[in-house]
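Each residue of the sequence shown is one higher than the one before, starting from 1 at the first, in full-length UniProt numbering.
Every residue, glycine too, gets a C-beta built ideally from N, C-alpha and C.
The structure under discussion appears below in the form of structure tokens.
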Amino acid sequence: MSVRDLKDRQQLQERLEGGVSVYALIDPSQAGEGEDTVLDGVEVHSFDAAPQSLGLALDSEWEPESWLLRLSPSAMATWPGDWQPGLNWFKVDFRLSTSPDAQASLYAFRAVDDAPTPLDILNVQVLGNGKTLRKLMRFSQLRGLPVSPKASITELFQQATDECDWPMLVVHDVGQANWNSLFPCSVCPRWGSRAVLFYDCGVPTGYNYATLPSPPLDPFANALAKAPVILSHWDMDHWAGAAAGQPLFGGRGIRIAWDARALDRPWIVPNQGRAQSGQRVSSMGWRLALALARRGNLYLWPSQLNGVVSRQGHRIIKCQPLGGGNDNNNTGLALLINAGASSREPQYLLTVGDADYSSLYLHYPQAQVCGYRGLVASHHGGNINSVPPAPLDHRSKLVYSHGARYHHPTHAARLAHSAAGWQQVHETHQRRSRRIHGGVQQQVGSVSLGYHWQPCICAHLHLPADANCPIQ
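This is how it looks when you write it as structure tokens:
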């Protein structure tokens, strides 16, 4: 343990002994049935001292003091109000506990590393109408951050995919999270191909951290330095790969060591502003948005923009639930890739993050009838409320990107995709052993999608794989 880590722990204990108060949302990405509940909160005095919007905070040195708390199901049994994830803001007072039966603890990003820090929850109240709640709503809707014009997003997307005539989409094995890379052609990266675009940048957190492969993959290692990230939505398991080494707790809450390779590239992110009906972004998301915007790399999606398309027919589609209600998962961005841009027969690859397939159909109805060469299953294989799109033929591949948590993929999801015609089914959790440099054996389950049969010949030539090779 470093000197800084020791100092952080000492300051953390002193801070918790004195008590901490936060304004918090329930984190939807950690809300599994029968699982502990995670709160993402901003310290009260830190937020009260903040400018009136994230836009104004850009020109200041303000940074939210963030705290993540983990509560047991028994602690939530007496929770006030409607505790649907991402819905209500709460004021929560807590302090360090000396009880071995404490029902709350700090949420450690790498739960396998550290013993829990037990907490006593002293008081919880639902925030009603008032100045504080209105200010929290402005922040959670990313108000004041500059919105990118359609032309800028279209140009960025076109430049990234300009050479993608026979592209390959790699679904990385990152456990219970999502991270996809787009390569311009279907060949092994060992032979010169590098990722030109990412869809999500996720790694699992907390008690899901152990679902990562060992050693973990590093998708940035096989990518162009400025390959942009398209963020499906703001749940942490879809962007936490931007935090190098994962955040740690200190005397002022969570200390994040950002990965410069993540922040120094453009990010196209969903807009949760006034015209939207979707996700309320919590304090950890504010920190990512501020870090990117201060580097000029935040491309905030215009509220009224339904989608963009490249010359080759690749698309970013704004998701919107058909019912029009609030929905964290179904108001983000989906990626549709034309895998046969140089052929006469269009064939597509689709990845939607946690969105239901039907959320694409309002702004791009043709998504229902595209011929799909590859599909990344919605929400890690969770339950869906629509019929999955159909495969192009028997060679088309379906991928469940998951870490065997929350019963993913569910029985209902398997039945629905099977009924839609998907025969080739892969799961990133079903890992294979490969030999990497140094004679180390690595277990990894990444899957490649595209117009190809066997994109990586390294295994056939008995060559050691690069530790970060996404497809062998």
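- When only Cα atoms are considered, Lys135 and Arg252 end up about 22 Å apart.
- Taking 7 Å as the cut-off, the Cβ atoms of Leu69 and Phe249 do not count as close.
- Residue pairing by DSSP places Phe198 opposite Ser181 and Val229 in a beta bridge.
- Residues of the same chain with a CB within less than 6 Å of the CB of Arg431, apart from the 5 flanking positions on each side, are Gln443, Val444 and Gly445 in chain order.
- In the three-state reduction of the DSSP assignment, Ser72 falls in the coil class.
- Distance from the Cα of Val229 is smallest, within the candidate group Ser105, Val174 and Trp179, for Trp179.
- When the alpha-carbon of Gly381 is set against those of Ala355, Pro391 and Arg395, the nearest one is in Ala355.
- Secondary structure remark: continuous beta strand (DSSP E) runs of at least 3 residues inside the segment 337 to 414, in chain order: 348 to 351, 372 to 376 and 397 to 400.
- Rounded to whole angstroms, the separation of the alpha carbons of Ala104 and Tyr299 is 37 Å.
- According to DSSP, Thr37 shares a beta bridge with Leu71.
- Comparing alpha-carbon positions, the option among Leu127, Leu133 and Asp165 lying closest to Tyr451 turns out to be Asp165.
- Residue burial is scored here from C-beta neighbours: Pro146 has fewer than 16 other C-beta atoms within 10 angstroms and is therefore classed as exposed.
- The same chain holds no residue with a CB closer than 6 Å to that of Leu415 once the five nearest residues on each side in sequence are set aside.
- In the DSSP assignment, Gln442 forms a beta bridge with Arg434.
- Secondary structure of Val447 (DSSP, three-state): strand.
- Contact check for Gly144 against Leu25 fails: the beta carbons are separated by 7 Å or more.
- Scanning its chain for C-beta atoms nearer than 7 Å, with the 5 sequence neighbours on each side dropped, one finds around Gln423 the residues His394, in chain order.
- The residues Val22, Ala24 and Val124, in chain order, have a CB closer than 6 Å to that of Val92 in the same chain once the five nearest residues on each side in sequence are set aside.
- With fewer than 16 other Cβ atoms inside 10 Å of its own Cβ, Glu345 counts as exposed.
- Bridge partners of Phe90 according to DSSP: Ala24 and Val126.
- When the beta-carbon positions are compared, Val203 and Gly241 come within less than 7 Å of each other.
- Secondary structure at His238: helix, using DSSP grouped into helix, strand and coil.
- For Pro118, DSSP records a beta bridge to Ser105.
- Asn338 places its beta carbon 7 Å or farther from that of Gln366.
- The beta carbon of Ala102 lies closer than 7 Å to those of Pro118, Leu119 and Asp120 in the same chain, with the five residues before and after it left out.
- With a 10 Å radius around the Cβ and a threshold of 16 neighbouring Cβ atoms, Ala115 comes out exposed.
- Val308 is positioned such that its CB atom lies no closer than 7 Å to that of Phe198.
- Straight across, the Cα-Cα distance linking Thr205 with Phe109 is about 5 Å.
- Distance from the CA of Arg15 to the CA of Glu65, rounded to the nearest whole angstrom, comes to 13 Å.
- Residue pairing by DSSP places Gly307 opposite Ile317 in a beta bridge.
- Taking a C-beta distance under 7 Å as the contact criterion, His379 and Val399 do not qualify as a contact pair.
- His233 is positioned such that its CB atom lies closer than 7 Å to that of Pro270.
- As the crow flies, the alpha-carbon of Ser303 is around 40 Å from that of Ser74.
- The Cβ atoms of Leu449 and Gly353 lie no closer than 7 Å to each other.
- The beta carbons of Leu362 and Ile317 sit no closer together than 7 Å.
- In the DSSP annotation of this structure, Arg143 is not part of any beta strand (DSSP E), being labelled neither H nor E.
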